[in-house]
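Notes for the one structure printed next.
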Amino acid sequence: MATRSSEYLRGTLEPLILKTLASGPLHGYAIARWLETETDGVLAIEDGSLYPALYRLERRGWIEAKWGMSELGRRVKTYRLSRRGHRELERETEQWRRFSGAVSRVLLAPA
Amino acid sequence: MSRSEGREPLVPPGPRREVEEELDFHLEMRIRQYIEEGLTPEEARRRALGGFGDLPSVKEECRTMASERDRVRGWTEGIDRLRQDLHYGVRQLRNAPAFTAVAVLTLALGVGATTAIFSAVDAVLLSPLPYPGADRLVVPMSQDFETGETWNVTYADYLDWREAGVFARVAVYERFEVNVGAENRDAERVPFARVTEDFFHTLGVAPALGRLPTASEFQPGEPPVVIISYALWQRSFGGRPEAAGAELRLGGRPVRVIGVLPRDLSFPSGVDLWVPLRVTPANEENYRRRDNFIVQAIGRLAPDRTLAQTRAELAMLAARVASADPAAREGVTVTAEPLDAWLVGRDLSHALWFVLGAVGFVLLIGCVNVANLLLSRAAVRERELAVRGALGAGRGRLMRQLLTESLVLALVGGLAGVALAYAGVRVLIGLAPANLPRIAEAAVDPTVLGFAFVVSLASAVLFGLVPALAGSARDPREALAEGTLRGTAGVSGRRSRRVLVAVELALSVILLVGAGLLLRSFAELRGTDPGFRTGGLLTFSLSLQGERYREVAAQDRAFEAIRDRVAADPGVEDVTMVSSLPLGGGGFYLGRAFLYDGQPEPPAGEDLGAQWQVVSPGYFRTMDIPVVAGREFERSDGSGAEPVAIVSREFARRMFGDEERALGRRVRSWRDENVYRRIVGVVDDVRMFGAGDELRPAFYVPYAQGAWDTMVIVVRTAGDPAAVASLARAAVRELDPTLAVDDLQTMQSVWDTSIAPRRFGAVLLAAFAGLALVLALVGIFGLLTYGVSQRRREIGIRIAFGAARKDVERMVLAEAGGVVAAGLAAGLVGAYLLMRLAQSLLYGVSAADPRTFAAVGVLLAGTALVASWIPAKRAAGVDPAASLRE
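Just so you know, the protein sequences line up as chains A and B, in that order. With the first letter of the first sequence counted as 1, position 68 gets the number 68 in the numbering used here; the numbers rise by one all the way through. With the first letter of the second sequence counted as 1, position 469 gets the number 580 in the numbering used here; the numbers rise by one all the way through.
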């Protein structure tokens, strides 16, 4: 199951990160945890693919990073959605709606 | 959260540390999570690491992207910062409008004036003539050994040069004027040149249409042919190609047109026709004589010879001629001058270089001024910079900010300068005297403009950088302390600013003295007495050529008829004739050599050279030239009566000592007319070739005893002479429509033309000197104002402790006095040394003219005092209580 979901995940990790940040700034670990709990562990995201995705998004300017202090007094990098990231998220969501709708119509139709 | 000292900075430096720290944090959180979920620390750790798979390659991937991100961000941030800096810079400049206006104006004048003047000088002096290899063209001239005076050459000399192979090519020519008639057009009088075989080849021109004359067409007896100018081709033939082969009537004779020269060729200047010079048995004697300087020459240097070598060869040949024929050539050598220098003339080219030097001075003053302004401003802003530095702005950032400001300043100033350059060239063309060759072609040279623009940019950036370096190198604490406690700006900075202002003052003193001397020269020139009354005179010349006027009696009748017709008009007071006008106004100028009765011949250099002037009776009365001894010509001085002459005072003085002794003596022009003429009168001197001309001996003979076919008619009018112009034309047309009225002009315009070059130079230099003075005054005003504003606390304390306000005023004025005295002294000495080089440009005034020097000194000291008064008053008005609270 995990293998299967990670295959579906390949192209959707980035929109998911954007969506995660839409509700407010988070650091990398919090993003991972939020995705795990929101999806009830169905979408088990590997930490090894989360961070490259974050850096890619940051480079594209869709998310912005800021260094601040954690509650424990540690330096921590938190991410937030940029204006361009918001637009990108809307675009991706609309695309997903059309894609998944089409796939559902076909796959879920009575045979 | 505010930043505190001693702790690590919040942002880890570089992508490596960033990635490392971020992932470490993640791992730590994961391990903590797994332990909470019940794993042992070892298991938790293994599982957390497992989540990353290949950790090093994940890190590597992240690092690569972080570096890329940083690079892109660097660019965008740079642009952002530049925008911020620009914004801030513009705001700073707008907050200091006086500073900005003066600096921009200074830079604009620097760029604009320099470019405009240089473009003019470039067009007149530096751009090549429209002949291929024009830098190899020279003008050979005869020269007086002693005085250095130069004049025409002889045909015989020209033959020598050809034989000796002095030049690659050489030609001579004679200038005349001829009445030209073409189909269906009014006759016009046209300057033409008789040229020898190699003339066109020497210049290197090919005809635009038709052909050049063949060698045989330079032989006597061949049918006459003519080459015409592009302009005449357009005028007479409408630019039609059939012109080649068509006929023109020159002085009544039909001549075949064989070719048309290209549009830009005009040599000798103004000539429209070129005909082969043919030496015939009838005129051979004229050309053979070694003392008949009737031709002008043009030569192309031999490829293997320099100008100096060519001059040496010419001098050697001339020396040989002089020893073989001392009667004709004692004391005469031959030299050569480059064509372009010969065309412009020494005086004008001196004037242009002088003006260019003045522009350089103004540019220098401008740069000094901008430097001074920026330095003063930096001093004022020292505190601002220190505060910004203390608040965390980096040194680089501050320097960039100051540089941006200077750049904005330089760009605005430079662009204004570009506009000024274009306007300036137009003004110069309008202001230039008509006889300045090629000035009309002056156009802004983009290279020069670019150069001046870059120079202005560079100077602003450079001087913008100096305060930036000085300002940012200082310890902010010291700068702040100085600002609050001592209240005086850097002492060394003030000293260097004082020196700069003194330099500015000195440079403007030099310019002012130069302008003053030129203006006085111009005033002297305008005040010179031309020797006659210029107002109310109209002149035109008339040439009676052709079959109809072969008989002298026919000429006489024609001149008489025209005179009568013009004189009949009620607006005309008097009409007379002369062979050539004073002030270089036109006609045929002829120099002849005179001996008095009893002087031996050959005279060994004792003969007196004088202008040969043919005049009709009443000439002196009409021109208002006073007869100082004896009488004016009368109708009785006819062809049958005793040959008589009237001489000028200068003639009488040089030949006989004074005018009384000249009366009654007999004199002859021994080389040509050789007839003894009795001197019946002495008249006052006139300026023969221009307002600034020296006094030259003149020898007048009555027209009835030496008629010429070309004369200048002089009309004295009661009212505006220009109103009689159409009357003069009508009179000539009625008499003979084939005759051309030429050089119709008022004597006033001749006079104006003759003083125009000096007016040009004087006005230009005066403008520059005025500019320099204003800049220097701005400089001293700025120095004192900033000085006072910086010393408010000190002044306040002085006043608080009882210093009289008068004393404070005196203190500020004393500082001004020191700077002005130093600048003035240096400037006067500099002017004294420099102006001696410019003596040749001056007229009637010494280069060390004490009145000019004194006037400049008073002017500068006076204006500087006024400029210092405001800051002094401001200092005296300082409120001690307020200044201490600041």
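Yeah, the Cβ is synthetic: ideal placement off N, Cα and C, and Gly gets one too.
DSSP places residue 340 (chain B) in the coil class of the three-state scheme, outside both helix and strand.
Proximity to residue 125 (chain B) across B:171, B:143, B:148, B:181 peaks at B:181, based on C-alpha coordinates.
Any Cβ of chain A closer than 9 Å to the Cβ of residue 149 (chain B) would place that residue at the interface, and such an atom is absent. When secondary structure is reduced to three states using DSSP, residue 387 (chain B) falls in the strand class. One thing to note: residue 628 (chain B) has its Cβ no nearer than 9 Å to the Cβ of residue 803 (chain B). Shown here for residue 207 (chain B): same chain residues with a beta carbon closer than 8 Å to its own, the five before and five after excluded, namely 488 in chain order. Contact between residue 250 (chain B) and residue 447 (chain B) holds, with the beta-carbon distance rounding to 6 Å and staying under 8 Å. Under the Cβ criterion (8 Å, minimum of three pairs), the stretch 733-746 of chain B counts as touching the stretch 790-802 of chain B.
By the CB criterion at 9 Å, residue 222 (chain B) and residue 306 (chain B) fall outside the cutoff. Each of B:707, B:649, B:710 was checked against the Cα of residue 697 (chain B), and the nearest Cα belongs to B:649. Rounded to the nearest whole angstrom, the CA to CA distance from residue 72 (chain A) to residue 32 (chain A) is 19 Å. Of the candidates B:422, B:920, B:403, the residue whose Cα lies closest to the Cα of residue 412 (chain B) is B:422. Counted as a single uninterrupted DSSP element, the stretch harbouring residue 108 (chain A) is not any beta strand (DSSP E), since DSSP gives it neither H nor E.
Assigned with DSSP and collapsed to three states, residue 655 (chain B) falls in coil, not helix or strand. Leaving aside the five residues that flank residue 555 (chain B) on each side, the residues in its chain whose CB is nearer than 7 Å to its CB run, in chain order, 226, 230, 532, 533, 536. In this structure, residue 811 (chain B) places its C-beta atom within 9 Å of the C-beta atom of residue 724 (chain B). In this model, residue 232 (chain B) and residue 540 (chain B) are separated by some 11 Å (Cα to Cα).
In the assembly as shown, residue 330 (chain B) is an exposed residue. Its beta-carbon has fewer than 16 other beta-carbons within 10 Å.
Taking a contact to require three or more Cβ pairs closer than 8 Å, the stretch 869-877 of chain B and the stretch 619-628 of chain B qualify as touching. Put simply, of B:693, B:677, B:870, B:694 the residue whose alpha carbon is nearest the alpha carbon of residue 686 (chain B) is B:677.
Residue 764 (chain B) sits in a helix when the DSSP states are folded into three classes. Rounded to whole angstroms, the gap between the alpha carbons of residue 701 (chain B) and residue 618 (chain B) is 47 Å. Per DSSP, reduced to three states, the secondary structure at residue 788 (chain B) is strand. For residue 78 (chain A), the enclosing beta strand (DSSP E) stretches over residues 75-81. Per DSSP, residue 170 (chain B) has no beta-bridge partner at all. The criterion of a C-beta distance shorter than 9 Å is satisfied by residue 62 (chain A) and residue 84 (chain A).
Burial check for residue 483 (chain B): the Cβ neighbour count within 10 Å reaches 16 or more, so the residue is buried. Contact with chain A is absent for residue 189 (chain B), since none of that chain's Cβ atoms lies less than 9 Å from the residue's Cβ. In the three-state reduction of the DSSP assignment, residue 710 (chain B) falls in the coil class, being assigned neither a helical nor a strand state. Shown here, residue 282 (chain B) sits in a strand according to DSSP, grouped into three states. Residues of chain B with a Cβ closer than 7 Å to the Cβ of residue 28 (chain A) are, in chain order, 133, 137. In the DSSP assignment, the residues bridged to residue 261 (chain B) are B:254. Look at residue 164 (chain B): its C-beta is under 9 Å from a C-beta on chain A.
For residue 123 (chain B), the nearest beta carbon of chain A is closer than 9 Å to its own beta carbon. A Cβ-Cβ contact shorter than 9 Å links residue 880 (chain B) with residue 469 (chain B). Between residue 81 (chain A) and residue 21 (chain A), the gap from beta carbon to beta carbon is short of 9 Å.
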